[in-house]
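Be aware that the sequence shown starts at 1, since it is given in the UniProt record's numbering, and climbs by one per residue. Where a beta carbon is used, it is the ideal one built from N, C-alpha and C, also for glycine. The block underneath contains the structure these notes are about, expressed in structure tokens.
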Amino acid sequence: MTKYNTGNPVGSSSPLDLYDNAENLDAGINGPAVTWRDRRGQTRKSWAGVESDFGQFLADGSTIEFPTWAAAAAAAGAGQVPMNRQVAVIGDEGTHVDPVSGLTVSNSGRFVMVAAGLQWRSADVLTQKLDAAKVPEVQDDTRRSMGVSKASSGAGSGSVEVVLDSAGVARVVTVYPEEDSDPQFNGLTPNAWRSPQFGIEHAIDGELSSDPDRAELIIDVNGTYRVISVLDSQRRGPVFFGVSGSGSLEPHLPTEFVVFVIAGQSNAQGIGYPPRSPSIPAGVAYQYSANVLVPLVGDPVGNADTASAWPSFVNEFYRRTSMGVVLVPAAAGNSGLTLAASAPAVGGNGVNWTAEGGRRTFAMDRLQAAVNALNNASIAWRFGGVLWSQGERDSRCLPNATSNPGVITEQEYAVAFDGLLSYFNSRIGNEKWPFILAMTGGDDEGIDANALASMRALQREIANTRSQVRLGWTGAFNLIARGLMRKHDFPDGTSSQNRSHYSQQGYNEMGAAMATVASSVSI
1 MTKYNTGNPV
11 GSSSPLDLYD
21 NAENLDAGIN
31 GPAVTWRDRR
41 GQTRKSWAGV
51 ESDFGQFLAD
61 GSTIEFPTWA
71 AAAAAAGAGQ
81 VPMNRQVAVI
91 GDEGTHVDPV
101 SGLTVSNSGR
111 FVMVAAGLQW
121 RSADVLTQKL
131 DAAKVPEVQD
141 DTRRSMGVSK
151 ASSGAGSGSV
161 EVVLDSAGVA
171 RVVTVYPEED
181 SDPQFNGLTP
191 NAWRSPQFGI
201 EHAIDGELSS
211 DPDRAELIID
221 VNGTYRVISV
231 LDSQRRGPVF
241 FGVSGSGSLE
251 PHLPTEFVVF
261 VIAGQSNAQG
271 IGYPPRSPSI
281 PAGVAYQYSA
291 NVLVPLVGDP
301 VGNADTASAW
311 PSFVNEFYRR
321 TSMGVVLVPA
331 AAGNSGLTLA
341 ASAPAVGGNG
351 VNWTAEGGRR
361 TFAMDRLQAA
371 VNALNNASIA
381 WRFGGVLWSQ
391 GERDSRCLPN
401 ATSNPGVITE
411 QEYAVAFDGL
421 LSYFNSRIGN
431 EKWPFILAMT
441 GGDDEGIDAN
451 ALASMRALQR
461 EIANTRSQVR
471 LGWTGAFNLI
481 ARGLMRKHDF
491 PDGTSSQNRS
501 HYSQQGYNEM
511 GAAMATVASS
521 VSI
């Protein structure tokens, strides 16, 4: 609709062009057509067109509500529900078989229309909209400093990136909003959970820097990577973020490391279940074992050949402090704190933490060797303390024990503890450091339950009356009631292996709890 059509360039002051502009603008704003053509021949979206598109957007994105599952299924079967459209059923207390997962799910809840039919998403009718569109493949990345082979960024949050490391493990990186600030790297453990409601094939979870929000990475049934932010504190969510294309991002790796000695008996060593032990991001940790300082990317730690609490410890400490960890494993299974409790005649193996037993000397000698190796490698370090888990051996020799009553007293145990602490201080020197103690648990078969309770009380008293000692974990005793002792992972394990040892989940909780304490007192 250009009456004069002068062809003059943009910026013309000709009255003829002003007339054409006014005529076109009137048609574009007030006319019924969805487009209009300007005086330069370009097709423009009219106001009517904008209104039409917005109405269609609302129609495409809105949720269709049904009073019953039968009504929703009938509409879907009749082709009345578009693909990727959300459906909500409210108030139907029945169940049905989900066409995608094959699981029995509730009739009420939120669904999305897929090729197989209405796929169940959640029992709660959420306000968030799931973007079910296929996200492009993640792209190759040249960042190699942490072994990254692929990377992708989260759309919608502006703060989440996903990387695939060279081992194929997907990891979430939290990026601070400031342009020049460092990203925070969150290493994640594969197979953290699965859920039919999202059509998840593979899921990984971790924590964002803004607790209590949690980020989870899933690979859906279409092979699409997605980041979910779960808002636990509000009981809302989940919020879905599609993942696409890669930008430039360098990981934040530690430039300073904190050294910890691991001491005690078998739960300090760990005899857990390796598939449930988390991996450690490359470059975050070392261990000094077999007379050499080596990178640590997961279990086993030290002389254990299974799994332990310490990968979880490393990840949590790094998450909280951005500092790396050097572990010096020195624990020994069935070792006693006192000489008498370690005697073979009462079930010990002769290994103990007294001057006669030599274990404490071994631990400090290994610490010194680790420090020498760090200095030789020009690695910045500080001493973070001793991580101690011990007490089962000696508790079975306390006055109220069933196994070997009266071999030692609580006072003798406390004196031996003070002797160990004094020796460590003499070897470590003027460093200020904490002795972080994991409280003893129970016996899964109830043997020596009273004596173990006495040991826990004694450990609490030691922590309360010695300023250098901190309780790092008190949750071991609850593992029995929660069904998380070792037989949870090894139902066919022997009684001697299972009765006083933890499941891998227990070890993971132990490590995370002790790291939480260490992050406050070790630096």
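Contact annotation: Ala75 and Val81 have beta-carbon atoms nearer than 7 Å.
Leu367 and Thr306 have their C-alpha atoms roughly 23 Å apart.
Here Phe435 really is in contact with Val386; their C-beta atoms are around 5 Å apart, less than 8 Å. Nearest neighbour of Val284 by Cα position, chosen from Gly324, Val301, Phe317, turns out to be Gly324. It is roughly 39 Å from the alpha-carbon of Gln42 to the alpha-carbon of Ala115.
Comparing alpha carbon positions, the residue from Glu51, Arg37, Gln269, Gly109 closest to Glu65 is Gly109. Within the region 402-466, the runs of beta strand (DSSP E) that reach at least 3 residues and sit entirely inside it are, in chain order, 435-438.
Under the three-state reduction of DSSP, Pro275 is assigned to helix. In this structure, the alpha-carbon of Arg319 lies about 30 Å from that of Arg427.
Within the region 67-119, the runs of beta strand (DSSP E) that reach at least 3 residues and sit entirely inside it are, in chain order, 86-89, 95-97, 104-106, 109-114.
The straight-line gap separating the alpha-carbon atoms of Gly475 and Gly483 is approximately 13 Å.
The DSSP-derived three-state label of Phe383 is strand.
At least 7 Å separates the beta-carbon of Gln390 from that of Gln287. In the structure shown, Asn508 adopts helical secondary structure according to DSSP, grouped into three states. Between the region 344-351 and the region 308-318, the count of Cβ pairs shorter than 8 Å is below three; the stretches do not touch.
With contacts defined by Cβ atoms closer than 7 Å, Ser289 and Gly384 do not form a contacting pair.
Bounds of any beta strand (DSSP E) do not take in Ile480; it lies within the alpha helix (DSSP H) bounded by 478-481. Boundaries of the alpha helix (DSSP H) harbouring Thr321: 310-321, taken from the DSSP string. By the C-beta density criterion, Glu356 is exposed, having fewer than 16 other C-beta atoms within 10 angstroms. Of all alpha-carbon atoms in Leu296, Thr338, Leu339, Gly336, the one lying nearest the alpha-carbon of Pro329 is that of Leu296. One thing to note: Val112 has its Cβ within 7 Å of the Cβ of Gln86. Non-local beta-carbon contacts of Asp448 in its own chain, meaning distances under 6 Å to residues more than five positions away in sequence, involve Arg396, Ala401, Thr402, Ser403 in chain order.
Per DSSP, Gly28 lies in no beta strand (DSSP E) segment; the continuous alpha helix (DSSP H) that holds it begins and ends at 15-30. Of Gly117, Thr440, Leu16, Gly506, the smallest CA-CA separation from Val97 is found for Gly117.
DSSP places Asn334 in the coil class of the three-state scheme, outside both helix and strand.
The three-state secondary structure of Ser289, taken from DSSP, is strand. Annotated as proximal: Ala309 and Gly270, with beta-carbon spacing under 7 Å.
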